[in-house]
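Per my numbering: the sequence shown ends with 241, consecutive numbering throughout.
For each residue, glycine too, the CB sits at the ideal point set by N, CA and C.
Here's the structure, in structure tokens; my notes come after.
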Amino acid sequence: MPNVEYRGMNLIVPENDSEWREYVKTAREHKLVMRKCAACGLLRYPPSHGCPWCGDLGWSWQEVSGKGTIHSYEIVVQAIQPGFRDWAPYPVVLVELDEQRGSPTPDEGLRMIANLVKPDFTPEREEHVAIGKRVRVLFQDLSPEIALPQFTLTDEPPQGRVWRLA
Ligand SMILES: [Zn+2]
Numbered sequence: 076m077p078n079v080e081y082r083g084m085n086l087i088v089p090e091n092d093s094e095w096r097e098y099v100k101t102a103r104e105h106k107l108v109m110r111k112c113a114a115c116g117l118l119r120y121p122p123s124h125g126c127p128w129c130g131d132l133g134w135s136w137q138e139v140s141g142k143g144t145i146h147s148y149e150i151v152v153q154a155i156q157p158g159f160r161d162w163a164p165y166p167v168v169l170v171e172l173d174e175q176r177g178s179p180t181p182d183e184g185l186r187m188i189a190n191l192v193k194p195d196f197t198p199e200r201e202e203h204v205a206i207g208k209r210v211r212v213l214f215q216d217l218s219p220e221i222a223l224p225q226f227t228l229t230d231e232p233p234q235g236r237v238w239r240l241a
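The following block contains the structure:
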């Protein structure tokens with residue numbers, strides 16, 4: 076897989092990286108997939124080798140809806156990566172996907188970190204970000220082989236209380 080540039084940075088997904096290669100390739104087909112444990116059936120993210128819940132090494136890819144709720148977020152004020160300096164301040168969200176909410180314990184779920192962007196892939200405004208707001212995945216195509224999953228706000232009713240960090 077050739078290297079891809081994203082905001083001035085080289086994205087490298089080695090051919091032998093079994094954990095991320097299929098993930099980004101599938102994202103390029105605009106499908107979001109998670110690893111599903113063959114033993115306990117739980118989904119996990121990131122796509123690690125073993126199941127974090129039961130330790131089993133068997134798994135298969137499972138497509139998920141890409142819909143979720145902002146579980147938490149941060150506003151990046153000092154961008155460490157030069158490519159993001161002109162974005163700051165910009166939001167990074169921890170999204171709890173609709174699949175597997177409250178599992179395997181009531182406080183857990185299937186959560187992933189991504190940028191919160193507008194449909195044109197520019198950063199969402201800080202004042203529009205809040206915990207409880209609904210989001211859906213967007214795929215930003217970077218090359219014929221790689222796309223990055225990002226999230227964008229939807230107009231669905233929020234999940235639970237909506238609040239912002241002070
Ligand atoms: Zn398991």
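Distance between residue j and residue i (C-alpha atoms, nearest Å)
i: Arg-82; j: Lys-193; result: 16 Å
i: Cys-115; j: Pro-179; result: 10 Å
i: Trp-128; j: Gly-143; result: 21 Å
i: Ile-145; j: Asn-78; result: 31 Å
i: Trp-134; j: Lys-111; result: 5 Å
i: Lys-100; j: Pro-224; result: 11 Å
i: Met-187; j: Val-212; result: 11 Å
i: Val-204; j: Pro-89; result: 34 Å
i: Pro-219; j: Glu-104; result: 10 Å
i: Arg-96; j: Trp-136; result: 12 Å
i: Thr-227; j: Glu-94; result: 25 Å
i: Glu-202; j: Phe-196; result: 17 Å
i: Glu-149; j: Leu-240; result: 9 Å
i: Asp-216; j: Gly-130; result: 33 Å
i: Arg-236; j: Gly-158; result: 34 Å
i: Glu-183; j: Glu-80; result: 34 Å
Residues of its chain near residue i, where Cβ-Cβ distance is below 6 Å and the 5 sequence neighbours each way are ignored
i: Gly-125; result: Leu-132
i: Arg-160; result: Ala-154
i: Tyr-98; result: Pro-122
i: Glu-138; result: Lys-106 and Val-108
i: Asn-85; result: Asn-78
i: Tyr-165; result: Val-151 and Pro-198
Residue burial classification, residue i (beta-carbon count within 10 angstroms, cutoff 16)
i: Gln-156; result: exposed
i: Trp-238; result: exposed
i: Asn-91; result: exposed
i: Gly-177; result: exposed
i: Asn-190; result: buried
i: Ile-221; result: buried
i: Ile-206; result: buried
Neighbourhood of residue i by C-beta distance below 8 Å, restricted to the same chain and skipping five residues each side
i: Ala-163; result: Val-151, Val-152, Gln-153 and Ala-154
i: Pro-232; result: Arg-209
Whole-number beta carbon distance between residue j and residue i, since they are thought to touch under 8 Å
i: Leu-172; j: Leu-185; result: 5 Å
i: Gln-234; j: Arg-209; result: 7 Å
i: Leu-118; j: Glu-174; result: 6 Å
i: Phe-214; j: Ala-113; result: Not really, about 27 Å apart at Cβ, beyond 8 Å.
Same chain, Cβ closer than 7 Å to residue i, five either side skipped, listed in chain order
i: Thr-229; result: Arg-209, Val-210 and Arg-211
i: Ile-87; result: Asn-78
Output the residue ranges of the alpha helix (DSSP H) runs that lie fully inside the stretch 113-198 and measure 4 residues or longer, sorted by chain position. none
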